[in-house]
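A.B. asks:
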Amino acid sequence: MSSTGSAAAPEPSRPAVHVPVLLERVTELLAPACSAPGAVLVDATLGLAGHSLAMLAAHPELRLIGLDRDPEARAEAARRIEAAGYADRATLVPAVFDELPDVLDRLGIDEVQGVLFDLGVSSLQLDRPERGFSYSTDAPLDMRMDPGAGRTAADVVNTYSPKELARVLRVYGEERFASRIAAAIDRERARQPFTTTARLAELVRDSIPAATRRTGGHPAKRTFQALRIEVNDELGALERALPAAIDALAVGGRVVVITFHSLEDRIVKQTLAAGAADRTPPDLPVPVPELGPVLRLLTRGGEAASDSEVAANPRAASARVRAAERIRRAA
């Protein structure tokens, strides 16, 4: 297997089971573009390579470019790809998905046939308490997808002004009680800075009215989501990466995006819809070819997982998939 970038990551403990979300639908959507000899698929969020392994198995001449900022995820993905016998067709790159144009340029690839985004936190990150993504186990308040990156969740919680904290929780977590939680954090950090997930989760729980806590899952869920998005610039990276992915597609190439919350899905919906729109001014009598759509939408809205998949894999409950096909080059 070829790879680029920094030294190998420490050997991670190996997850026993990995169930890729919406696997059958994703492989179905990508298949027409990735079945041709010499086709290139970019898995922009490689994770544990579940979707990529299925695509490599289904298309014997497919080449994979896998991007992931998490060294533990890349190491485990590399092990799985090698064990399956596909190492000679895979290149794994330490990169955030908004670095896609630079990655393709370094590899000398002008266009690709498929791009897959499986957004949000990976199974590996959730299942490693020490990474600090989960509110259910006490751990360092970290949440960095790249452990070598700078800012941690503790940095955000301990240094942002109450106003900025409330903005993060309100916008990225869609948290109704953002101002109340931010004020409580501000009071408590003056007494002692936050360093662990359990203390923060408890404070969030205590900051939310008891009647509200009875529904909607764990009270800290939205706060932890918001902090994770802020720490990793997830929405900013998506806003930069998705147009770049569309630009990299060959005619007939396809982009498939799995989202897990409304903020991600809104960005994907708007970007794909813009690409599928005819920009001919309404006062012109005929369409202008160079202003016509560059994409054809392949899904009706955001398609959800089936009831049977959600029953087998509860993490699929909030998943939505959207996809589009490139139908012409931009003018």
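Heads up, my numbering is the position in the sequence shown plus 110, with the first residue counted as 1. The beta carbon of each residue, even a glycine, is placed where N, CA and C say it ideally should be.
(1) Among Ala141, Phe227 and Glu284, whose alpha-carbon lies nearest the alpha-carbon of aspartate 153?
(2) Specify, as a first and last residue, the run of the beta strand (DSSP E) that proline 204 falls within.
(3) DSSP on threonine 369, reduced to helix/strand/coil?
(4) Whether or not the stretch 397-414 and the stretch 255-266 are in contact is what I'm after, with contact meaning three or more pairs of Cβ atoms, one per stretch, closer than 8 Å; do they touch?
(5) Any idea which residues DSSP pairs valine 152 with across the strands?
(6) Under 7 Å Cβ to Cβ from leucine 172, same chain only, skipping five residues before and after it: list those, please.
(7) Under a Cβ-count criterion, where at least 16 other Cβ atoms within 10 Å of its own Cβ denotes burial, should aspartate 180 be classed as buried or exposed?
(8) Smallest Cα separation from aspartate 178: which of Ala360, Thr155 and Gly346?
(9) Mapping DSSP to helix, strand and coil, what is glutamate 435?
(10) Spell out the partners DSSP gives alanine 414 in its beta bridges.
(11) Check whether the stretch 351-360 touches the stretch 205-212, counting contact only when three or more Cβ pairs, one atom from each stretch, lie closer than 8 Å.
(12) Once the 5 residues before and after proline 392 are set aside, which same chain residues still bring their CB inside 7 Å of it?
(13) Could you check what DSSP says for proline 250 in three-state terms: helix, strand or coil?
(14) Helix or strand or just coil, what does DSSP make of glycine 385?
(15) Let me know if alanine 105 comes out buried or exposed under the rule of 16 or more other beta-carbons within 10 Å of its beta-carbon.
(16) DSSP state of proline 120, grouped into three classes?
(17) So what's glycine 362 in DSSP terms, helix, strand or just coil?
(18) Could you round the C-beta distance between glycine 412 and arginine 389 to whole angstroms and report it? I think they count as a contact, below 8 Å.
(19) From proline 424 to serine 162, what distance separates their C-alpha atoms?
(20) Can you give me the C-alpha to C-alpha distance between phenylalanine 287 and valine 225, rounded to a whole angstrom?
(21) Would you kindly work out how many angstroms separate the C-alpha atoms of glycine 362 and glutamine 223, rounded to a whole number?
(22) So, cysteine 158 versus glutamate 186, is the Cβ gap smaller than 7 Å?
(23) Is the beta carbon of glycine 230 less than 7 Å from the beta carbon of phenylalanine 370?
(24) Thinking C-beta only, is leucine 279 closer than 7 Å to isoleucine 295?
(25) Please report the distance separating the alpha-carbon of valine 341 from that of lysine 331.
(26) What are the start and end residues of the beta strand (DSSP E) that includes arginine 52?
(27) How many Å lie between phenylalanine 304 and valine 266 at the Cα?
(28) Do aspartate 248 and threonine 307 have their C-beta atoms within less than 7 Å of each other?
(29) Looking at the secondary structure, which residues open and close the alpha helix (DSSP H) in which leucine 279 lies?
(30) Classify glutamate 435 as buried or exposed, calling it buried when 16 or more other Cβ atoms lie within 10 Å of its own Cβ.
C.D. replies: Result, derived from the coordinates:
(1) Phe227
(2) 200-204
(3) strand
(4) Between the stretch 255-266 and the stretch 397-414 there are fewer than three inter-stretch CB-CB distances shorter than 8 Å, so the stretches are not counted as touching.
(5) Ile175 and Val225
(6) Closer than 7 Å at the Cβ level, and outside the excluded window around leucine 172, lie Cys144, Ala149, Leu151, Met165, Leu166 and Arg199.
(7) buried
(8) Thr155
(9) Glutamate 435 falls in the strand class under three-state DSSP.
(10) Arg430
(11) yes
(12) none
(13) Assignment of proline 250 by DSSP, reduced to helix, strand and coil, places it in the strand class.
(14) For glycine 385, the three-state secondary structure derived from DSSP is helix.
(15) What the structure shows of the chain is the stretch from 111 to 441, and residue 105 is not part of that stretch, so it cannot be assessed.
(16) Residue placement at proline 120 is poorly supported in this model, since its pLDDT is 42, which falls under 50; the coordinates are not used for a value here.
(17) Residue state, collapsed to three classes: strand.
(18) So it is not a contact: roughly 24 Å between Cβ atoms.
(19) Between the alpha carbons of proline 424 and serine 162 lies a distance of about 21 Å.
(20) Cα-Cα distance, rounded: 37 Å.
(21) Going by the C-alpha atoms only, they are around 7 Å apart.
(22) Cysteine is not the amino acid found at residue 158; the sequence shown has leucine there. Closer than 7 Å, so yes.
(23) yes
(24) Pairing isoleucine 295 with leucine 279 gives a Cβ-Cβ distance that is not under 7 Å.
(25) 16 Å
(26) No answer is possible for residue 52: it lies beyond the span of the chain, which begins at 111 and ends at 441.
(27) 10 Å
(28) yes
(29) Here the alpha helix (DSSP H) through leucine 279 covers 272-283.
(30) That one is buried.
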